[in-house]
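Number of protein chains: 2
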Amino acid sequence: MSQPMSREAFEAKLRAIGDARYHDKHPFHGMLHGGDCTQDQVRAWVLNRYCYQAAIPRKDAALMSRCEEIEMRRAWRSRIEDHDGSAGEEGGIARWLRLAEAVGFDRRYVASMTGALPACKFAVEAYVRFVRDATLLEAVASSLTELFAPKIHRDRIAGLLRHYEFADENSLAYFRTRLDQAPKDVAFGLAYVLEHADTAEKQEAAAAALIFKTDVLWAQLDAIYGAYVSPGVPPPGAWAPGEGLKDVDRHG
Amino acid sequence: MSQPMSREAFEAKLRAIGDARYHDKHPFHGMLHGGDCTQDQVRAWVLNRYCYQAAIPRKDAALMSRCEEIEMRRAWRSRIEDHDGSAGEEGGIARWLRLAEAVGFDRRYVASMTGALPACKFAVEAYVRFVRDATLLEAVASSLTELFAPKIHRDRIAGLLRHYEFADENSLAYFRTRLDQAPKDVAFGLAYVLEHADTAEKQEAAAAALIFKTDVLWAQLDAIYGAYVSPGVPPPGAWAPGEGLKDVDRHG
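Residue numbers (this note's numbering), protein chains in the order written: chain A, 503 to 754; chain B, 503 to 754.
Next comes the structure, spelled out in structure tokens:
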């Protein structure tokens with residue numbers, strides 16, 4: 503049996519996975535943040551990314567359903583609250599729907615996921631099932647893409663504000679809020695993984711889980727790129743530009 | 503295809519399941535509430551029932567992980583909060599451990615579940631898995647034993663206070679609190695089941711889920727009765743009277 507890496511070396515390995523594989527490297531994000539997306543390409547991204555947002559509380563509940571430690575369940579609970587919101591307090595899913603409206607969609611159309619790309623839905627459900635079925639350590643490790651999220655959120659806020667008319671503090675509230683929430687979440691998750699991955703085998707499994715999660719994110723952008731950039735052929739039944747818009751945008 | 507029952511007839515059918523099968527009919531509960539349990543039999547019950555209490559938040563998280571409706575997840579969330587507690591606020595699991603201490607246990611021994619009966623652990627895990635794998639309707643229907651819980655909690659508070667020295671408002675806080683919490687939970691669950699069991703087949707499945715849950719509860723009392731009443735032979739490794747007590751009770 504090989505020895506486990508030191509905590510520092512293992513953390514560096516996890517961070518290197520982000521450097522190599524996080525979806526901020528995907529060409530679609532380059533286009534999006536650089537102002538090179540058409541209005542419909544932005545819409546395609548907002549529409550499809552909704553599937554991911556909507557699934558996050560189910561994923562976090564699946565993790566909690568595996569977790570035998572009261573203190574850990576309590577700590578994890580805030581993620582669900584952050585996304586689902588509370589009585590009189592909007593959550594991340596509702597904030598994403600504000601973004602959807604800002605780019606012209608009828609929010610009910612987006613929430614229905616009718617026009618979302620099957621490949622995006624498959625990727626998201628693969629994530630929920632992974633968290634439900636893998637070890638608790640792997641489930642937590644798969645959340646560690648949050649290590650890399652603050653940078654993409656900052657780039658996104660800056661890029662969208664600079665390049666797109668729909669972008670303002672209201673429509674981008676989702677990203678602004680995540681900048682506050684993600685660091686607390688990731689501090690807990692990273693500490694858990696560093697503590698519990700105490701053999702070489704577990705470190706390997708945790709790293710593989712994080713790689714899996716980068717695949718989940720990347721696969722969604724591949725699907726969006728294929729359907730709406732190049733070759734630009736949406737699969738049968740997927741959203742076609744013009745569909746699902748608010749009346750004012752449809753006729754305006 | 504047969505026609506579904508009316509809502510009223512279906513609700514009556516669900517309530518009849520409780521009348522016939524809820525564990526308030528089990529001879530162990532007769533002994534417990536009637537003051538006929540020895541101190542060690544009460545301890546066996548408290549120790550083993552802890553497994554069920556500890557699993558409830560995992561069960562509820564499993565249900566939430568199946569649930570695509572934000573509003574429903576939000577409504578269900580309070581069950582986890584009720585059991586796990588919040589920062590500075592004790593939950594149901596902690597209250598159960600107060601009861602465990604009141605009957606003489608070291609709370610760490612109870613929380614470790616080391617001495618719990620395998621049959622109780624199996625029953626509880628069968629419940630968590632059922633909620634994880636059955637339909638959402640069946641998962642919700644399996645929670646409807648709460649329809650029958652207020653009566654057993656009232657009987658229990660009265661019976662324990664009358665017959666046992668350990669019983670006071672502190673040790674019985676779990677049951678007192680559940681009297682407030684259960685009605686809100688069951689109102690939501692019952693309304694959900696009555697609305698969503700809209701075919702004869704779904705009504706049948708929901709009723710079967712509730713029957714399954716009554717089996718889960720009954721099986722725990724059977725195991726406790728067998729190990730600690732008659733024949734009174736705990737399985738290998740299970741708690742033996744005298745084990746796991748607080749120092750003061752061990753030597754006092």
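All C-beta atoms, glycine included, are put in the ideal place defined by N, C-alpha and C.
Predicted, not measured: the structure shown is a model, and the values here were computed from it.
Using a Cβ-Cβ cut-off of 8 Å, Asp586(B) counts as an interface residue toward chain A, since at least one Cβ of chain A sits closer than that to its own. Counting only runs of at least 4 residues, the stretch 639-703 of chain B fully encloses the following alpha helix (DSSP H) elements, listed from N- to C-terminal order: 651-665, 675-698.
Beta-bridge partners assigned by DSSP to Leu747(A): Phe607(A). One finds Met566, Ile572, Arg575 in chain A with Cβ atoms closer than 8 Å to the Cβ of Pro559(B), taken in chain order. For Ser580(B), the enclosing alpha helix (DSSP H) begins and ends at 572-586. Taking 8 Å as the cut-off, the Cβ atoms of Gly594(A) and Asp584(A) count as close.
Residue-level contact check: Arg634(B) touches chain A, since one or more beta carbons of chain A fall below 8 Å from its beta carbon. Here the stretch 731-751 of chain A does not lie against the stretch 663-671 of chain A, with fewer than 3 beta-carbon pairs under 8 Å apart. One finds nothing in chain A with a Cβ atom closer than 9 Å to the Cβ of Arg610(B); even the nearest lies about 13 Å away.
The C-beta of Ala602(B) comes no closer than 8 Å to any C-beta of chain A. For Thr647(A), the number of other beta carbons within 10 angstroms of its own is at least 16, and it is reported as buried.
In chain order, Ile582 make up the part of chain A whose C-beta sits under 7 Å from the C-beta of Arg579(B).
Under the Cβ criterion (8 Å, minimum of three pairs), the stretch 553-571 of chain A does not count as touching the stretch 522-537 of chain A. Residue-level contact check: Ile659(A) does not touch chain B, since none of the beta carbons of chain B fall below 8 Å from its beta carbon. Residue-level contact check: Ala689(B) does not touch chain A, since none of the beta carbons of chain A fall below 8 Å from its beta carbon. Taking 8 Å as the cut-off, the Cβ atoms of Ser567(A) and Arg576(B) do not count as close.
For Ala563(A), the nearest beta carbon of chain B is closer than 8 Å to its own beta carbon. Ala625(A) is positioned such that its CB atom lies no closer than 8 Å to that of Gln543(A).
Interface flag for Ile595(A) against chain B is set, since a Cβ pair is found closer than 8 Å.
In terms of Cα proximity to Glu592(A), the closest of Ala675(A), Phe650(A), Ala707(A), Ala628(A) is Ala675(A).
Annotation: Val731(B) is outside any alpha helix (DSSP H) and is labelled neither H nor E by DSSP. DSSP, reduced to helix, strand and coil, places Glu706(A) within a helical segment of the structure shown. When secondary structure is reduced to three states using DSSP, Glu591(B) falls in the strand class.
Here Pro620(A) carries a helix assignment [DSSP, helix/strand/coil]. Here the C-alpha atom of Phe632(A) lies approximately 11 Å from the C-alpha atom of Val642(A). Within 10 angstroms of the beta-carbon of Asp586(A) lie 16 or more other beta-carbons, which makes it buried. Per the C-alpha coordinates, the member of Leu601(B), Asp700(B), Ile713(B), Ala729(B) positioned closest to Arg509(B) is Asp700(B). About 10 Å separates the beta carbons of Ala729(A) and Gly617(A), which is beyond the 8 Å limit, so they are not a contact pair.
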